[in-house]
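Undergrad:
Residue numbers (this note's numbering), protein chains in the order written: chain A, 46 to 242; chain B, 46 to 242; chain C, 46 to 242.
Have a look at this one:
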């Protein structure tokens, strides 16, 4: 079920990548698809919780399972929130860096989906953990540059009006939250691995 | 003591509800009452910690008790911060949605206070957990709409000056934090329930 | 190793204090030194993790060690982010309160470094925990006042343009994050102490 939850996140990241590349008119439909993925994710989280509460022997610590499910949920929630905000704020063209930020998220989603089936053999998980952490660093770098360019535009670029600055700031912050949530997933997996070792 | 801490949060939420409905001149006194409740909450948290450190056998995991006390503390801290900011920013009329946001907090406070005495019989707690999570969803929806209307005002409405936008943004974000902190309380209770099951 | 990590944070806080007192031209070099300290911190965190994974018997719970290392990391990350932003945003003179905020961080760093060698005898740790919590309260007070003055300037002061308001807001928020992260370190230490008791 964790594998399915992570694959669902990959699907959401794919739609989000299309959304940030799309014309404003095409965005609401793509945002609706991200929302659908988020609902599917909620359903999976719910199933994991029900199974957890009805099972006597669990493969790992109950709390870790709980935490892993919650943090996967946080990832997709932040993605959906970003999609929703882009539509809600009626934004025109988005800064280029946002597509790069989403691409990092998509790669973190793929890495996470690939790691999930391996939860039972812990050895390969370290590689995944290192990978997601380095993606988070990369995402953080992009986030900082985007925020810097937004608040202190490079000389020679046209500056945005302040409300637009605020809108874009909200969006890049939400995408950064999604990247952080991937790191929390990886840390939870790491913490399971530490216990199993 | 957890029941008293949760009832204290209900009291703080009641004063906060009055504050957001009040005229600007009446706000400082109501904010002072929220601050009083926060101080009373600090005292209760301190008592819980002292008791925890002087007791050999505890009803639940020590760490869960610690986490529950901390998260109840986070709820009331965020409420107090919101009250403080409304006064500090010398705001005039607040957007209507803020009262709705506070009403959701008040309902989460009541649900939490009702759940606390039941901490010893875990069965009813699931209902509480579902309830607070759905209140958090509701609060999140209101928060998003408020933020959307703030940053992308509906056509035909008068737009606020940017500093006022920033002030109101801070306040609705702090209220959203309070709603999140209620969810953390519920998740901690859930995590105790999972262990006891 | 935790002692070295905490001493490294003191070094970072010292450079950050110099940075916020320096002229704009001198800032990039000082920010580079904060970044060096952050890299040294990353190296120490990595060493702690490697040692943790290769040791059978650990002095405390593995997860607590993990959490302590992570939260020390969060402290220095937030400091580095603040330093980076001050340079990146090409800010002129900073509001006075920022130096006060950094001074509180420096004191929290010193208190943390002094507590680390005592991790083995738990008795003195309570004093440290109380100290860092009161520093966090102090920092929070300064943060609120700074934010208040920024968004609702005292009558008679010249008001800043909105982009500058946003830049300074980002910086004081990042410094507040560093203060919060110190509190998380203290809470983790407290949670170790509770278990050992």
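C-beta: ideal position from N, C-alpha, C; glycine also.
Residues of chain A with CB closer than 9 angstroms to the CB of residue 163 (chain B), please, in chain order.
TA: Simply none; closest approach about 17 angstroms.
Undergrad: Using a Cβ-Cβ cutoff of less than 8 angstroms, which residues in the same chain neighbour residue 144 (chain A) once the five nearest sequence positions on both sides are dropped?
TA: For residue 144 (chain A), where only same-chain residues beyond five positions count, the Cβ hits under 8 angstroms are 62, 65, 66.
Undergrad: CB-CB under 6 angstroms to residue 223 (chain B), same chain, minus the five flanking residues each way: which ones, in chain order?
TA: Only 120, 123, 124, 150 meet the Cβ criterion.
Undergrad: Assign residue 73 (chain A) to one of three DSSP states: helix, strand, or coil.
TA: Residue 73 (chain A): helix per DSSP, three-state reduction.
Undergrad: Kindly indicate which residue of A:129, A:181, A:152 has the alpha-carbon position closest to the one of residue 215 (chain A).
TA: Selected option, being the one with the closest Cα: A:129.
Undergrad: Got a sec, what are the start and stop residues for the alpha helix (DSSP H) residue 184 (chain B) sits in?
TA: Run containing residue 184 (chain B): 170-196, per the alpha helix (DSSP H) assignment.
Undergrad: Assuming residue 193 (chain C) contacts residue 195 (chain B) under a Cβ cut-off of 8 angstroms, what Cβ separation, rounded to an integer in Å, is found between them?
TA: The pair is not a contact, with the Cβ atoms about 19 angstroms apart (cut-off 8 angstroms).
Undergrad: With H, G and I counted as helix, E and B as strand and the rest as coil, what does DSSP make of residue 162 (chain A)?
TA: Correct three-state label for residue 162 (chain A): helix.
Undergrad: In the stretch 89-117 of chain C, which residues sit with their C-beta less than 8 angstroms from some C-beta in chain A, listed in chain order?
TA: Those residues of the stretch 89-117 of chain C that come within reach of chain A (Cβ to Cβ, closer than 8 angstroms) are 97, 98, 107, 108, 111, 115.
Undergrad: Which chain A residues sit within Cβ distance under 7 angstroms of residue 207 (chain C)?
TA: Those within 7 angstroms of residue 207 (chain C) in chain A are 207.
Undergrad: How about residue 50 (chain B) and residue 114 (chain B): do their beta carbons lie closer than 9 angstroms?
TA: In contact: residue 50 (chain B) and residue 114 (chain B) (Cβ atoms closer than 9 angstroms).
Undergrad: Distance cutoff 9 angstroms, beta carbons only. Does residue 64 (chain A) sit that close to anything in chain C?
TA: Chain C contact via Cβ: absent.
Undergrad: When DSSP labels each residue in this structure, what does residue 201 (chain C) get in the three-state scheme?
TA: Residue 201 (chain C): coil per DSSP, three-state reduction.
Undergrad: What span of residues does the alpha helix (DSSP H) with residue 135 (chain B) cover, start to end?
TA: Here residue 135 (chain B) belongs to no alpha helix (DSSP H), and DSSP marks it neither H nor E.
Undergrad: Distance check for residue 227 (chain B) and residue 181 (chain B), CA to CA, integer angstroms please.
TA: Near 8 angstroms, if we compare the C-alpha coordinates of residue 227 (chain B) and residue 181 (chain B).
Undergrad: Could you check where the alpha helix (DSSP H) with residue 59 (chain A) kicks off and where it finishes?
TA: Taken as a continuous stretch (DSSP letters only), the alpha helix (DSSP H) holding residue 59 (chain A) covers 47-66.
Undergrad: Could you check the C-alpha separation between residue 189 (chain C) and residue 220 (chain C) for me, to the nearest Å?
TA: One C-alpha to the other measures close to 12 angstroms.
Undergrad: Report the rounded CA-to-CA distance for residue 236 (chain A) versus residue 109 (chain C), giving the unit in angstroms.
TA: Cα to Cα, the separation comes out at about 10 angstroms.
Undergrad: Using DSSP with H/G/I as helix, E/B as strand and the rest coil, what is residue 236 (chain B)?
TA: Residue 236 (chain B): helix per DSSP, three-state reduction.
Undergrad: Under three-state DSSP, which class holds residue 100 (chain B)?
TA: In this structure, residue 100 (chain B) counts as coil in the three-state DSSP scheme.
Undergrad: Rounded to the nearest angstrom, what separates residue 148 (chain B) and residue 81 (chain B) at their Cα positions?
TA: Roughly 20 angstroms separates the two Cα atoms.
Undergrad: Cutting at 7 angstroms between CB atoms, please list the residues of its own chain near residue 112 (chain B), excluding the five before and the five after it.
TA: 233.
Undergrad: Return the CA-CA distance between residue 58 (chain B) and residue 46 (chain C), expressed in angstroms with no decimal places.
TA: Each residue's alpha carbon lies about 45 angstroms from the other.
Undergrad: With hydrogens ignored, establish whether the beta-carbon of residue 84 (chain C) is closer than 8 angstroms to any heavy atom of the ligand SAM.
TA: This structure simply doesn't include the ligand SAM, nor any ligand for that matter.
Undergrad: Measure how close the beta-carbons of residue 107 (chain A) and residue 97 (chain A) come, nearest whole angstrom, since I'm counting them as under 8 angstroms.
TA: Their Cβ separation, rounded to whole angstroms, is 6 angstroms, which keeps residue 107 (chain A) and residue 97 (chain A) in contact under 8 angstroms.
Undergrad: Taking 9 angstroms as the CB-CB cut-off, is residue 147 (chain B) touching chain A?
TA: No, its Cβ sits nowhere closer than 9 angstroms to a Cβ of chain A.
Undergrad: Strictly below 7 angstroms CB to CB, what residues from chain C border residue 142 (chain A)?
TA: In chain order: nothing, as chain C lies at least about 14 angstroms away.
Undergrad: Answer with yes or no whether the minimum CB distance from residue 236 (chain A) to chain C is below 9 angstroms.
TA: At least one chain C Cβ lies under 9 angstroms of residue 236 (chain A).
Undergrad: Going by beta carbon distance, what residues of the same chain come within less than 7 angstroms of residue 174 (chain A), once the five residues before and after it are set aside?
TA: So the qualifying residues of the chain are 231, 234, 235.
Undergrad: Can you find a C-beta in chain A that's less than 9 angstroms from the C-beta of residue 215 (chain C)?
TA: Interface residue, yes.
Undergrad: Beta-carbon of residue 72 (chain B) versus every beta-carbon of chain A: anything under 9 angstroms?
TA: Cβ-Cβ to chain A under 9 angstroms: no for residue 72 (chain B).
Undergrad: What's the call for residue 135 (chain C), buried or exposed, on a 16-neighbour Cβ count within 10 Å?
TA: Exposed, because fewer than 16 other Cβ atoms sit within 10 Å of the Cβ of residue 135 (chain C).
Undergrad: Given that a residue counts as buried once 16 or more other Cβ atoms are within 10 Å of its Cβ, and exposed if not, what is residue 202 (chain A)?
TA: Exposed: under 16 other Cβ atoms inside 10 Å.
Undergrad: Going by C-alpha distance, which of B:77, B:93, B:89 is nearest residue 127 (chain B)?
TA: Ranking the options by Cα distance to residue 127 (chain B), first place goes to B:77.
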